[in-house]
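Presented below is the structure to which this report refers.
Residue numbers (the working numbering), protein chains in the order written: chain A, 22 to 368; chain B, 22 to 368.
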């Protein structure tokens, strides 16, 4: 069953995952299409963004945002079209960005959505990628915490992904040597040939740590941390004095249960941060930088228009395929920004 | 044998410690008094500063400063008097701060020493404590990385010590709730009654973690990290969103050999830093903030003169007692800023 005008398909959290999510953690339901109240809009989902942070929301654990409740619709940023408006600033057919979740229809307060206007209407899904949350994350973490200076070396993992690709391209524009990390030869080739990184190392290579060191002959000044795990391990000994580590994700650990086996490296990390006078700082884009969105758009829009910063979209068709696509995302199976096309662009 | 005019007693690094230093790692030697060259000074050590960072210099490992070489004089900041000057700006009897090391006499380039003038001449040893490196460390780490705001809660360990006591007192002046951690009832009483902290928890108490939580009912906004170990463990779950952690030392780990036993908490730390958007930043006072010394003095001098910021000195008499005093420092046996009086104040 495709998106239709008669009812609302929605994917709810059926059970909480233990480790890697499985298909049975999600349940596809059919419900009535909701009705907007005063100053509200009925929105039809066209594009749905799948992002690693959603794994955290599936846990019943304290985090920076409340968890998704059992039997509630999975959260997600969406690009939608207005079906019904009960607010004077919006009209049927308008394109908006909203937090619609994994479903066909959502009701939102008009104040909580952003209308899309101008050039982006040629590519509305960019509002979930290169002109949306992932790029905003990469840009602000890089500029505010990473503070790139010409001639420095930056390393970023998931380099072909939504955040990593922006971090690397912007750092190149700022004059850095940029080394990406990605999974597989095809992604690595894309990162160097299309995105223009100076090098890209395959983290599946048995000699990964040595290859990374070879690609960073002058050490690492900025490590944009969005994965954790083995990449961080290989980066640690290469960090230069006064390095900066913006920390926006650690997908390698999202599925882990409790503490990892092995020796405790927390004191080792502290020791490295101390000796090398390193700044390690976590951030959450909306909460830390939500008020600086316009600054991001003013910088990014011209780069996007002139092709200086690009982002590959990995599109999946159909809401019903969102769970499998999301599971694949956590395994690195996507190639670029993962977007689910839920409904027709046209009315 | 005391300090004399005929030869130079000096303590050299006889062997590198494995874990906790022992007396046999040091050797007391007698040598000729060195002669100053052009633009140099012969300096007689009066006060010698013992500080935790010296433990790191005893290792033959890469650090932010080169290690002390075997059979070389142990490094230390000193307050000295000029015996012989071959530079026009200095005269016999002048008081200076220099890096004289654990010995009676040192030769220094005039450009590498700082002359003491004004009120501090009433208490020259303050140039090693409340108006010297430890206070400078506490002040800059607190102000630049900690960024205290009125109403926030700050926790600092080794609260009766040189760095911790300054951090807490300055944070109080900035309007924070200040909770110290110290070893033993006597130190804790001093921290609250004399230094004016709001609370001080004994880290030897079996209920330490619970007592710390009780003393921080609104969580922790700034944790000034100068010890590592069990204190950091108890602090981690109490950290608030957007907390800051200036990291200037980790005495609890200075004697450790390789990685600690137990589960790997590095991913846990990253996860906390991410979820709570925390800034953790190592710094080394001279290298990061050396150029801001005057700013520190301008702020601290009035507080010291008016008694708003105090530092207890723990004085040991005689160069020959420096090794045992230093070993005790690493075990928390000192009470206040540890200073060795090596020679007479008077000429």
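A virtual CB, placed ideally from N, CA and C, is assigned to each residue, including glycine. The structure presented is a predicted model; accordingly, all values stated were derived computationally and were not measured.
Query	Result
Chain B contact for residue 170(A) (CB, 8 Å cutoff)	no
Secondary structure of residue 55(A), DSSP reduced to three states	coil
Reduced DSSP secondary structure (H/G/I, E/B, other) of residue 186(B)	helix
Counted within 10 angstroms of its Cβ, other Cβ atoms place residue 246(B) as buried (16 or more) or exposed	buried
Alpha-carbon to alpha-carbon, residue 351(B) and residue 374(B)	What the structure shows of chain B is the stretch from 22 to 368, and residue 374(B) is not part of that stretch, so it cannot be assessed.
Any chain B beta carbon closer than 8 Å to residue 360(A)	no
Proximal residues to residue 128(B) (C-beta, below 8 Å), its chain only, five neighbours per side dropped	55, 56, 57, 58, 61, 62, 63, 64
Beta strand (DSSP E) runs contained entirely in the segment 250–317 of chain A, provided each spans 3 or more residues	260–268, 300–303
Beta-bridge pairing of residue 123(A) - partner residues as DSSP gives them	Answer by DSSP bridge pairing: none, since residue 123(A) is not bridged.
Chain B residues whose Cβ lies nearer than 9 Å to that of residue 271(A)	288, 291, 292, 295
Burial state of residue 302(B), where buried means 16 or more other Cβ atoms lie within 10 Å	buried
Where residue 306(B) meets chain A, residues with beta-carbon distance less than 7 Å	None at all; the shortest Cβ gap to chain A is about 10 Å.
Meets three-Cβ-pair contact criterion under 8 Å: the segment 341–355 of chain A and the segment 102–114 of chain A	no
Selected residue, minimal CA-CA separation from residue 208(A), among 191(A), 185(A), 230(A)	185(A)
CB contact check: residue 165(B) to chain A, cutoff 8 Å	no
Span of the alpha helix (DSSP H) around residue 348(B)	343–351
Residues in the segment 39–70 of chain B having any Cβ partner in chain E nearer than 9 Å	Among the protein chains of the structure shown, namely A and B, there is no chain E.
Ranges of the alpha helix (DSSP H) found wholly within the segment 193–253 of chain A, counting only runs of at least 4	206–214, 229–236
Alpha-carbon spacing of residue 44(A) relative to residue 344(A), whole angstroms	6 Å
Residues of the segment 230–260 of chain A with Cβ closer than 7 Å to any Cβ of chain B, in chain order	249
Rounded straight-line distance, which links the Cα of residue 170(A) to that of residue 71(A)	32 Å
Positions along the segment 301–325 of chain B whose CB lies within less than 9 Å of some CB in chain A	301, 302, 303, 304, 305, 308, 309
Three-state secondary structure assigned by DSSP to residue 91(B)	coil
Assigned exposure category for residue 312(B) - 16 Cβ within 10 Å defines buried	exposed
C-alpha gap between residue 269(B) and residue 340(A), whole angstroms	51 Å
Beta-carbon neighbours of residue 372(B), restricted to chain A and to distances below 8 Å	There is no way to answer for residue 372(B), as the model of chain B reaches only from 22 to 368.
Start-to-end residues for the alpha helix (DSSP H) that takes in residue 76(A)	75–78
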